[in-house]
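Down below is the structure, laid out as structure tokens.
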């Protein structure tokens with residue numbers, strides 16, 4: 301019997317679901333042992349609400365539930381709870397679900413600042429009020445799903461690599477254990493390092509990196525950090541290249557920005573990176589800002605708005 | 032007051048939306064709303080970030096069309112910093128965008144919307160999808176899966192990351208194209224062109240002729256259109272002027288950075304998505320089905336309506352055949368799918384043209400960049416419409432202000448109107464069923480999976 305799979309996408313972009321399609325012809329293999337019973341991007345399965353207006357969404361029973369996206373509205377929370385109720389195993393699917401993801405950058409602001417800005421941009425007609433008729437209420441911050449429901453499997457990535465999606469579902473179907481890589485991106489990086497710590501200040505990403513292979517030493521390109529570029533590889537969990545590729549952004553000749561989240565559960569990518577830079581003698585005040593170091597993992601209370609200063613009476 | 036019918040969520044689309052249909056006491060449609068149900072706040076939370084980081088942040092607006100956001104952001108940052116991108120960098124960006132369009136149209140037509148045509152709107156909902164298509168027509172499904180994957184993987188192999196790409200950089204492109212990679216691209220895109228032509232013939236025979244018989248006037252409304260054209264008035268997805276056309280065919284054409292002179296956005300109480308309209312028409316905003324005001328549409332049908340011609344031969348021949356049948360300003364909502372396949376032919380032909388351009392293998396792909404205070408508008412055609420990224424920076428190159436109008440947003444008012452039209456035509460005396468509700472959703476899927 302194929303395992304039954306359900307999926308819900310919360311505060312997300314659908315990229316994780318598209319990564320399932322990126323299995324390509326292997327998708328046909330997947331469908332031999334997975335039967336999809338609910339996944340709104342791919343199929344016409346609706347949210348069934350009972351009439352009493354309580355916590356009421358009912359979803360089809362499934363062996364495994366993939367939840368992509370973080371939790372930002374009451375509706376996201378309702379759906380996450382409904383998935384927990386209807387699925388035996390919950391997979392936090394993608395970095396928004398595991399750590400908050402890019403949308404958790406909004407956690408640096410209060411909701412009224414977000415709404416006030418977005419509904420008053422240049423070219424927007426002045427409105428009397430923000431949308432409120434039937435739209436789900438926003439929560440105070442964008443949360444990783446384990447801040448609200450129990451999660452059985454974490455599959456980070458922005459998006460998770462199709463190889464890992466396949467193997468995770470296969471291992472669930474076969475009741476086998478499967479672990480994602482638990483080292484850092486640097487462990488799977490093809491760059492060469494000499495470890496001499498020459499860099500004292502960091503360059504901005506618009507400056508040109510050196511990429512050529514050295515004809516004399518035949519050494520590959522030099523580590524971005526040793527070239528003086530911020531690269532989040534040391535504090536980011538490996539896995540973005542799936543089973544066969546090396547660190548993907550590095551291979552595209554740009555530094556890592558941290559999309560698989562911290563190496564260890566509960567890690568803080570900003571703190572880890574600042575420590576690593578400082579202990580290598582790099583002047584961290586040369587960075588224009590550091591919030592972006594948490595661009596993928598600002599959930600779990602790591603990004604917060606600055607406290608409001610009360611006006612003196 | 033009568034019953035409210037809720038369709039939630041709208042399925043087989045990207046994004047989080049629902050339809051609410053208010054019936055009156057007689058069971059006829061009184062009002063319809065399509066609500067977009069979340070606001071992530073990109074325009075606010077990118078403030079203070081280094082501008083060069085934005086192409087790698089804003090791509091997360093959409094996991095289906097991340098390439099378009101990535102490239103529009105790069106163009107906006109270039110404009111803030113007054114950078115001129117070397118020809119090879121520009122061509123590589125256009126190549127990526129064009130191949131991403133090839134993949135997207137296959138995804139939209141076959142994987143998401145296609146089940147309605149290939150299996151039918153009355154087909155059991157649990158298998159009215161790509162998985163059902165795999166069972167019902169394994170040969171076609173296997174071919175479609177293979178071809179979409181080919182488009183996606185040729186991008187992936189070269190650029191390393193296709194969902195939330197990273198190879199576009201302010202000043203150009205991060206990675207040069209080798210002669211070997213160019214050949215791989217050419218072989219793959221040539222095969223994709225063959226498939227695009229097959230899909231076009233197949234759909235002209237098996238799908239499009241059924242539209243009028245099976246779904247007469249589904250979601251049909253009369254509006255203006257928006258799209259990008261080159262200096263000769265030809266369809267262009269990567270660069271050019273924006274043409275804003277009224278339903279009578281008259282138009283204004285403008286450089287993208289003048290978009291605020293022509294477009295404005297309305298806040299509506301029932302949706303987190305704002306509703307753009309053509310403020311330069313001076314008629315205000317109204318979604319009245321009989322007398323709409325300021326309403327224009329974006330996306331495939333809009334682009335082929337506003338363009339005078341298409342500069343590649345096979346797509347031009349398809350456009351002429353289309354216009355012979357439906358006229359220059361085609362309004363029928365389901366014709367978005369026909370226009371989608373015409374664009375599929377165009378994008379394959381255009382990708383081959385770009386790859387044959389000798390400048391594309393130059394190693395000079397990236398210009399030196401100096402941050403400065405400035406304003407830049409980056410505009411490309413995303414699958415679902417004219418995508419506008421408008422940034423301002425301070426003297427240190429940090430973002431101070433952002434305004435975004437994304438492809439789907441242009442169509443929010445038209446989607447509401449098309450759904451309203453479909454609901455009014457299909458629901459009478461309170462009688463409806465799952466098949467009717469799916470037909471109403473088909474009016475959304477014409478625009479926006």
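Residue numbers (this note's numbering), protein chains in the order written: chain L, 301 to 613; chain X, 32 to 480.
For each residue, glycine too, the CB sits at the ideal point set by N, CA and C.
Margin query: Tell me the DSSP secondary structure of residue 358(L) in three-state form.
Written below: strand
Next item on the list: Measure the beta-carbon distance from residue 509(L) to residue 553(L) and round it to whole angstroms, keeping in mind my assumption that it falls under 8 angstroms.
Entry: 7 angstroms
Checklist line | Nearest-angstrom Cα separation, counted from residue 388(L) out to residue 237(X) | finding: 42 angstroms
Check: Does the Cβ-Cβ distance between residue 201(X) and residue 65(X) come in under 8 angstroms?
Finding: no
Next item on the list: Could you work out which residues of chain L lie near residue 156(X), taking near to mean beta carbons separated by less than 9 angstroms?
Entry: Here the neighbours are 343, 344, 345 and 346.
Next item on the list: Note down, in chain order, each residue of its chain lying with its Cβ closer than 6 angstroms to the Cβ of residue 187(X), except the 5 sequence neighbours on either side.
Entry: Same-chain partners within the cutoff: 193.
Check: Is it a yes or a no for the stretch 402-411 of chain X touching the stretch 420-431 of chain X, going by three-plus beta-carbon pairs under 8 angstroms?
Finding: yes
Next item on the list: Quick one: which residues of the stretch 65-96 of chain X get their C-beta closer than 7 angstroms to a C-beta of chain L? List them in chain order.
Entry: 66, 68, 69, 70, 71, 72, 74, 75, 76, 79, 80, 81, 83, 84, 87, 88, 91, 92, 93, 94 and 95
Margin query: Can you tell me whether residue 301(X) is helix, strand or coil according to DSSP?
Written below: Residue 301(X) carries a coil assignment under DSSP once its states are collapsed to helix, strand and coil.
Note to self: Can you pull the chain X neighbours of residue 580(L), defined as C-beta to C-beta under 9 angstroms?
What the structure shows: The contacting residues do not exist; residue 580(L) stays about 21 angstroms from chain X at best.
Note to self: So, for residue 498(L): in the same chain, excluding its five sequence neighbours on each side, which residues have a beta-carbon less than 8 angstroms away from its beta-carbon?
What the structure shows: 526
Check: By the 10 Å Cβ neighbour count, where 16 or more other Cβ atoms means buried, how is residue 32(X) classified, buried or exposed?
Finding: exposed
Check: Does any residue of chain X bring its CB to less than 8 angstroms from the CB of residue 419(L)?
Finding: yes
Next item on the list: Out of 360(L), 368(L), 588(L) and 435(L), point me to the one whose CA is closest to residue 79(X)'s CA.
Entry: 588(L)
Next item on the list: Using a Cβ-Cβ cut-off of less than 8 angstroms, list which residues of the stretch 152-180 of chain X approach chain L; keep chain order.
Entry: 156, 157, 159, 160, 161, 162, 165, 173, 176, 177, 179 and 180
Note to self: Short of 7 angstroms in beta carbon distance, which residues of its chain neighbour residue 276(X), apart from the five on each side in sequence? Order them along the chain.
What the structure shows: 255, 256, 282, 336 and 337
Item checked: Proximal residues to residue 604(L) (C-beta, below 8 angstroms), its chain only, five neighbours per side dropped -> 407, 408 and 441
Margin query: Please report whether the beta-carbon of residue 303(X) lies at a distance below 8 angstroms from any beta-carbon of chain L.
Written below: yes
Next item on the list: Give a yes or no on whether 8 angstroms exceeds the smallest Cβ distance from residue 435(L) to chain X.
Entry: yes
Check: chain L beta carbons: is any one of them nearer than 8 angstroms to that of residue 331(X)?
Finding: no
Item checked: Length at least 3, wholly inside the stretch 122-180 of chain X: the beta strand (DSSP E) runs in chain order -> Runs found: none.
Note to self: Ignoring anything shorter than 4 residues, give me the alpha helix (DSSP H) runs that lie fully in the stretch 354-426 of chain L, in order along the chain.
What the structure shows: 374-386, 395-399 and 411-418
Notebook entry, point to check: Taking C-beta to C-beta, are residue 302(L) and residue 333(L) nearer than 8 angstroms?
Noted result: yes
Checklist line | Contacting positions in the stretch 283-294 of chain X - beta carbon closer than 9 angstroms to chain L | finding: 290, 291 and 294
Notebook entry, point to check: Could you check where the beta strand (DSSP E) with residue 284(X) kicks off and where it finishes?
Noted result: 282-285
Next item on the list: Please list the segments of the beta strand (DSSP E) lying wholly inside the stretch 250-283 of chain X, counting only runs of 3 or more residues, in order along the chain.
Entry: 255-260 and 272-276
Notebook entry, point to check: With 16 as the cutoff for other CB atoms within 10 Å, does residue 613(L) come out buried or exposed?
Noted result: Annotation note: pLDDT 47 at residue 613(L) (below 50); position unreliable, coordinate value reported separately. Residue 613(L) is exposed by the Cβ-count criterion.
Notebook entry, point to check: Tell me the DSSP bridge mates of residue 53(X)?
Noted result: 35(X) and 62(X)
Next item on the list: Using a Cβ cut-off of 7 angstroms, pull out every chain X residue sitting near residue 553(L), in sequence order please.
Entry: 205 and 206
Checklist line | Every unbroken alpha helix (DSSP H) within the stretch 516-562 of chain L, with a cutoff of 4 residues, ordered by chain | finding: 548-551
Check: Roughly how many angstroms lie between the CA atoms of residue 389(X) and residue 123(X), to the nearest whole one?
Finding: 12 angstroms
Check: Is the stretch 430-440 of chain X touching the stretch 79-92 of chain X in the sense that three or more CB pairs, one from each, lie closer than 8 angstroms?
Finding: yes
Check: How would you call residue 63(X), buried or exposed, if buried means at least 16 neighbouring beta carbons within 10 angstroms?
Finding: Classification of residue 63(X): buried, given that the 10 Å Cβ count is 16 or more.
Next item on the list: Taking C-beta pairs closer than 7 angstroms, name the residues in chain L that residue 202(X) reaches, listed in chain order.
Entry: Residues of chain L passing the Cβ test: 506.
Item checked: Candidates 366(L), 489(L) and 571(L), of which the one nearest residue 445(L) by Cα -> Looking at the Cα atoms, 366(L) is the closest of the given residues.
Next item on the list: May I ask you to list, following chain order, the residues of the stretch 239-270 of chain X that have a beta carbon less than 9 angstroms from some beta carbon of chain L?
Entry: none
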